[in-house]
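Notes follow once the structure below has been shown.
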Amino acid sequence: MPFIPVILWTDALIYLLLALIALFVWYVRGRPHLVAPWRRVAQSKSGMVAATVLAAYLLVGLLDSVHFRLPLEGNAAERAYSVEALSVFDVLAKPLRTRVEKTYSAPLAAYLFAKETIELPDGREIRDYPRLKYGAANLRDPGKERVEDITRRVLYSLFLAALAWLVVAAALVWLVAKRRRRVFSETARALWRGESEIPWIAILVTLGILMLFAFPVSALSMNYHVFGTDKVGQDVLYLALKSIRTGLIIGTLTTLVMLPFALAMGIMAGYFRGWVDDGIQYFYTTLSSIPDVLLIAAAVLMMQVFMDTHPQLFPTITERADFRLLFLCIILGVTSWTSLCRLLRGEALKLRELEYIQAAHAFGVSHLRIMIRHILPNVMHIVLITVVLSFSGLVLAEAVLTYVGVGVDPSMISFGTMINSARLEMAREPIVWWSLLAAFLFMFMLVLAANLFADAVRDAFDPRVRIATKLITVEETKNAKA
Amino acid sequence: MISYIIRRIAYAIPILIGVNIITFALFFVVNTPDDIARMQLGAKRVTPEAISKWKQDHGYDRPLLFNASAEGASKLSDTIFYRKSVKMFAFDFGPADDGRDIAYEIKTRIGPSLAIAVPVFLIGLLVEITFALLIALFRATYIDFWSVVLCVAMMSISGLFYIISGQYVVSKLWNLVPISGFDFGLDTFKFVILPVMVGVIAGIGSGTRWYRTIFLEEINKDYVRTARAKGLSEIRVLFKHVLKNAMIPILTGVVVVIPLLFLGSLITESFFGIPGLGSYTIDAISSQDFAVVRAMVFIGSVFYIIGLILTDISYTMVDPRVRLE
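Chains as they are written, first to last, in this note's numbering: chain H, 1136 to 1617; chain X, 27 to 351.
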């Protein structure tokens, strides 16, 4: 075999999550009452713009979640495999990953950021900024040619981006036209005027803007370090893109891990009441009364001791870092499940008094079946809203926890480790601003998109919000008429 | 009311016992004191003598729960559980791993913590509620829409960004205040103003949006319509009626936080070099001083429970319909 597949713990859970989502989609498809709120999400302009951005992040994250080990160079008979687990993304971004400079260099620079002693061909030594090994290496005289070279590449890639966007847009119009059984040009005009249920035009514009950035950046990154390099000369763009997977995993797996507990305990407490309720309430009040950061810190410290005393369990650095990431998700889940559990308990308390549950009792349906068939589907909207709303908070929390020293493993690339290692660079003179900026920028985009999407989901699923907004619009139209 | 409070305090005791057992399990059962000693001493090859000396120095050289070799009552009291966990109920935290008294450290560090946390809390609350009321005044207009967008954008920015850029712009570029540090007396203001400003700005986004939803929920109620029908101006309706009635949901979120102010803010304090409880905790975490972390966990939960009780009491103050029985 040309490679050995490696399935890390977090990878496996990501696949599980994808399978669950696919199952959920398949389940919802045939049921109009379940499709309705999703249709409202799809109609929200900001929601779909955010979803487009999130999809781009997701793509990078998923590509980065398929790991394998490549064979080392050598004879084919006894093939040895590298201990380093690479992902599909690593292979795609090989130029970014492998072209490591000596130390800092500014974005798009041709020279190193620090002066060094350079030996001239005639044997003399001078102190100057040495040329980068890879950045702008194709140019003979960067001082003159660099700007021109960059402009040429950007313009060319912008042209390509426009071309690609046109192809995508045409394909979309064609699909919509086929569904509506209309002519292509007529559909195109209708979409341009915004006559569609799903705001396609907003999605296309977002996609266009994303492409306008992505194409030039990837074209330039073939010959430059677009976001510069960090202290050990690694390309900052590569680090930022790698951080996406860590952020996504913390945001999603944490809820996946805590969901079974929160669901089971919340529904049981509300449904059975009595001593079960007391016990579960006592349990979650106790847990939630410990301040989150301290509980996480205590747990992570203990896990570090455990990992130090049991090194044989973690053969490679990647696995060790991955285990730590998984543990962080679990402990973050422990601190965040209590609020969901409380909500579910309240809802189950309400639901159990309703007629259809009473009827189920009268028919002799078992407790377990009532909880699974009748209560669980009716609290799912709360679960969904909580899950989507907590995502962005978790991504932000990762950075803070890593700064405190109880976040992800230092060897794991994440927004937190990037910020943490770049924070002292602000004190340098002149300052090194690019790695901080890149980390904050990528994180900001992700969290902003997640927040906007979460708002769209909440507006579509929360009956209370729906009524409130409806009332407002009715009121405002009345005011406007008056 | 007094009997209610007494009952609530009585109910807090089993919770504190639970917290105590959780921390005990985390710190001593998952990893034995031997593991911790080996970790503290650092090297891979540590002699058993070094470990037992470390355990003796830090009081970990006893059995966990039951000391069979002791006499009488000290069979139970001469154990790690009693000495390290039960004693916390008397706020006797013992010495930290570096030998200094934890209770004394906490006492001296509460002041600087509060010097940051209280202004951030009060100014933040005032600013957020004012903004939220203003947005509610312009609801369903472009001002409302763009303010909400701005809020979402502001809450999407990492808190670390506010701190780092604040320090860079205000302290380094403009040279207005020192980058970090703390001093008592008149100088306090100089050191405190930047962290407070950063703290307030970092919270504006989420706070304003949260209060806005609360106000909008109130605005749709019947009594507001009545107030308008009486011919009151919109501003009067908002500030006199809506604000007062929105106090319950506001208090739910706010009062719980007040006791936690004593714990300080981990990140702000460590970035600005303020010798408060937050930076104490961070230092303890990075030097793996378990005794301090354990003490802070316990104090944190005590404060949290006080906050819950205060929340209940505050309800009766703003809403005469609520009676605590």
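Heads up, the beta-carbon is just placed ideally off N, CA and C, and yes, glycines get one too.
Inter-residue Cα distance where the pair is Leu1205/H and Pro1140/H
Working through the first sequence from its first residue, we reach residue 1205/H at position 70. Working through the first sequence from its first residue, we reach residue 1140/H at position 5. If you take the alpha carbons of Leu1205/H and Pro1140/H, they lie about 9 Å apart.
From the DSSP output, in three-state form, read off Glu1254/H for me.
In the first sequence, the residue the question calls residue 1254/H occupies position 119. In the structure shown, Glu1254/H sits in a strand (DSSP, three-state: E or B).
So, at 6 Å on beta carbons, what are the nonlocal neighbours of Ile1607/H in its own chain, with the 5 sequence-adjacent residues on each side left out?
Residue mapping note: residue 1607/H aligns to position 472 of the first sequence, counting from 1. For Ile1607/H, the predicted model reports a pLDDT of 49, less than 50, meaning its position is unreliable; a value from the coordinates is still stated below. Correct list: empty, nothing qualifies.
For His1121/H, which residues does DSSP report across the bridge?
Beyond the ends of chain H as shown, which are 1136 and 1617, falls residue 1121/H; an answer cannot be given.
Take the Cβ of His84/X as the centre, count every other Cβ of all protein chains shown within 10 Å, and call the residue buried at 16 or more, exposed below.
As a working mapping, residue 84/X is identified with position 58 in the second sequence. The residue in question, His84/X, is buried, as its Cβ has 16 or more Cβ neighbours within 10 Å.
Would Leu1576/H and Thr1521/H qualify as a contact pair, given that the criterion is a beta-carbon distance under 8 Å?
As a first step, residue 1576/H is located in the first sequence; it is residue number 441 there, counting from the start. As a first step, residue 1521/H is located in the first sequence; it is residue number 386 there, counting from the start. For Leu1576/H and Thr1521/H, no; Cβs fall outside 8 Å.
Expected contact under 8 Å - CB spacing of Ile1379/H and Tyr1192/H to nearest Å
Residue numbering aside, residue 1379/H sits at position 244 when the first sequence is read from its first letter. Residue numbering aside, residue 1192/H sits at position 57 when the first sequence is read from its first letter. At roughly 5 Å, the Cβ-Cβ gap stays under 8 Å, so Ile1379/H and Tyr1192/H are in contact.
Cut-off 8 Å between Cβ atoms - residues of its own chain near Arg1164/H, not counting five sequence neighbours on either side
Taking the first residue of the first sequence as 1, we reach residue 1164/H at position 29. Only Val1170 meet the Cβ criterion.
Helix, strand or coil at Tyr1406/H [DSSP, three-state]
In the first sequence, the residue the question calls residue 1406/H occupies position 271. It is helical.
Could you check what DSSP says for Asp1370/H in three-state terms: helix, strand or coil?
Numbered from 1 along the first sequence, position 235 holds the residue referred to as residue 1370/H. Of the three classes helix, strand and coil, the one that applies to Asp1370/H here is strand, per DSSP.
Tell me which residues share the same chain as Leu1151/H and place their Cβ nearer than 8 Å to its Cβ, disregarding the 5 neighbours each side in the sequence.
Stepping through the first sequence from its first residue, residue 1151/H is reached at position 16. Around Leu1151/H: Leu1391.
Arg1175/H versus Ala1337/H: straight-line alpha-carbon distance, rounded
As a first step, residue 1175/H must be located in the first sequence, where it is residue number 40. As a first step, residue 1337/H must be located in the first sequence, where it is residue number 202. The straight-line gap from Cα to Cα measures roughly 15 Å.
Suppose the cutoff is 7 Å on Cβ atoms and the five residues either side in sequence are ignored; what does the same chain contact list for Ala1299/H look like?
Locating residue 1299/H in the first sequence gives position 164, where the first residue counts as 1. The residues are Met1346.
Find the nearest neighbour of Phe208/X within the set Ile142/X, Thr234/X and Tyr249/X, judged by alpha-carbon distance.
Along the second sequence, read from residue 1 onward, the residue named residue 208/X stands at position 182. Taking only the C-alpha atoms, the option nearest Phe208/X is Ile142/X.
Checking the sheet assignment: what are the DSSP bridge partners for Asp127/X?
Within the second sequence, residue 127/X is the residue found at index 101, counting from 1. According to DSSP, which records beta bridges pairwise, Asp127/X is partnered with Pro121/X.
Ordered along the chain, which non-local residues of its own chain (more than five positions away) have a Cβ less than 6 Å from that of Val282/X?
Here residue 282/X corresponds to residue number 256 of the second sequence, with the count starting at 1. Cβ within range, chain order: Gly333 and Thr337.
Residues of its chain near Ala1615/H, where Cβ-Cβ distance is below 8 Å and the 5 sequence neighbours each way are ignored:
Residue mapping note: residue 1615/H aligns to position 480 of the first sequence, counting from 1. For Ala1615/H, the pLDDT reaches just 49, beneath the cut-off of 50, and the residue's location in the model is therefore unreliable, although a value from the coordinates is still provided. Cβ within range, chain order: n/a, list empty.
Listed by chain order, chain H residues near Gly326/X by CB distance under 7 Å
Taking the second sequence and counting its residues from 1, the one referred to as residue 326/X is at position 300. The answer, in chain order, is Ile1425, Pro1426 and Leu1429.
Using a C-beta to C-beta distance shorter than 9 Å, which residues of chain X count as neighbours of Gly1540/H?
Walking along the first sequence from the start, residue 1540/H turns up at place 405. Going along chain X in sequence order, the residues near Gly1540/H (Cβ under 9 Å) are Ile308, Ile311 and Ser312.
Is there contact here, the stretch 256–269 of chain X with the stretch 307–316 of chain X, by at least three beta-carbon pairs under 8 Å?
no
By Cβ distance, which residues of its chain are closer than 8 Å to Ser184/X, with the 5 residues on each side in sequence left out?
If you number the second sequence from 1, residue 184/X lands on position 158. No residues qualify anywhere along the chain.
If you draw a straight line from the alpha carbon of Val1609/H to that of Asn246/X, how long is it in whole angstroms?
Translated into the one-based positions of the first sequence, residue 1609/H becomes position 474. Translated into the one-based positions of the second sequence, residue 246/X becomes position 220. Residue placement at Val1609/H is poorly supported in this model, since its pLDDT is 49, which falls under 50; the coordinates still yield a value, given next. So the two alpha carbons sit approximately 11 Å from each other.
Please list, in chain order, the chain X residues whose beta carbon lies closer than 9 Å to that of Ser1527/H.
Position 392 of the first sequence, counting from 1, holds the residue named residue 1527/H. By Cβ distance, chain X contributes Met181 and Ser182.
What residues of chain X sit near Ile1183/H, judged by a beta carbon separation below 7 Å?
Looking up residue 1183/H in the first sequence gives position 48. This sequence places Met at residue 1183/H; Ile is not what is there. Going along chain X, no residue has its Cβ under 7 Å from Met1183/H, so there is no contact; the nearest lies around 16 Å.
Which residue wins for smallest C-alpha separation from Glu295/X, given the options Tyr1538/H, Arg1288/H and Trp1327/H?
The residue you call residue 295/X lines up with position 269 of the second sequence. It is Tyr1538/H whose Cα lies nearest to the Cα of Glu295/X.
Would you say Asp1544/H and Ala1456/H are within 8 Å of each other, going by their C-beta atoms?
The sequence position of residue 1544/H within the first sequence is 409, counting from 1. The sequence position of residue 1456/H within the first sequence is 321, counting from 1. It is a contact, given that the beta carbons lie within the stated cut-off.
Cutting at 6 Å between CB atoms, please list the residues of its own chain near Glu1260/H, excluding the five before and the five after it.
Residue mapping note: residue 1260/H aligns to position 125 of the first sequence, counting from 1. So the list reads Thr1252 and Glu1254, once near-sequence residues are dropped.
So, at 8 Å on beta carbons, what are the nonlocal neighbours of Ser1356/H in its own chain, with the 5 sequence-adjacent residues on each side left out?
On the first sequence, residue 1356/H is found 221 positions in, with the first residue counted as 1. The answer, listed in chain order, is Pro1230, Leu1231, Asp1370 and Leu1372.
Using 10 angstroms around the beta-carbon of Ile1/X, count the other beta-carbons present and answer buried if the total reaches 16, otherwise exposed.
It is not possible to answer for residue 1/X, since the shown part of chain X is limited to 27 through 351.
Can you check DSSP and say which residues form a bridge with Tyr1216/H?
Looking up residue 1216/H in the first sequence gives position 81. Looking at the DSSP assignment, Tyr1216/H forms a beta bridge with Pro1206/H.
What residues in its chain sit with their C-beta under 6 Å from that of Glu1611/H, if we drop five residues either side in the sequence?
Working through the first sequence from its first residue, we reach residue 1611/H at position 476. With a pLDDT of only 49 at Glu1611/H, under the threshold of 50, the placement of this residue in the model should not be trusted, and no figure is reported.
According to DSSP, is Thr1364/H part of a helix, a strand, or is it coil?
Within the first sequence, the letter at position 229 stands for residue 1364/H. DSSP places Thr1364/H in strand when its eight states are reduced to three.
I'd like to know if Tyr1417/H contacts chain X, where contact means its C-beta is closer than 8 Å to some C-beta of that chain.
Within the first sequence, numbered from 1, the residue matching residue 1417/H stands at position 282. Closer than 8 Å to some Cβ of chain X, the Cβ of Tyr1417/H qualifies, so yes.
So what does Arg1262/H bridge to, in DSSP terms?
For the purposes of this step, residue 1262/H is taken as residue 127 along the first sequence, with counting starting at 1. Beta-bridge pairing links Arg1262/H to Thr1252/H.
is_contact[Thr1286/H, chain X] using C-beta, thresh 8 Å
Sequence index remark: in the first sequence, residue 1286/H carries index 151 (1-based). No, its Cβ sits nowhere closer than 8 Å to a Cβ of chain X.
C-beta contact flag for Thr1381/H and Ile1548/H at 8 Å:
Position 246 of the first sequence, counting from 1, holds the residue named residue 1381/H. Position 413 of the first sequence, counting from 1, holds the residue named residue 1548/H. Yes, these two residues count as a Cβ contact at 8 Å.
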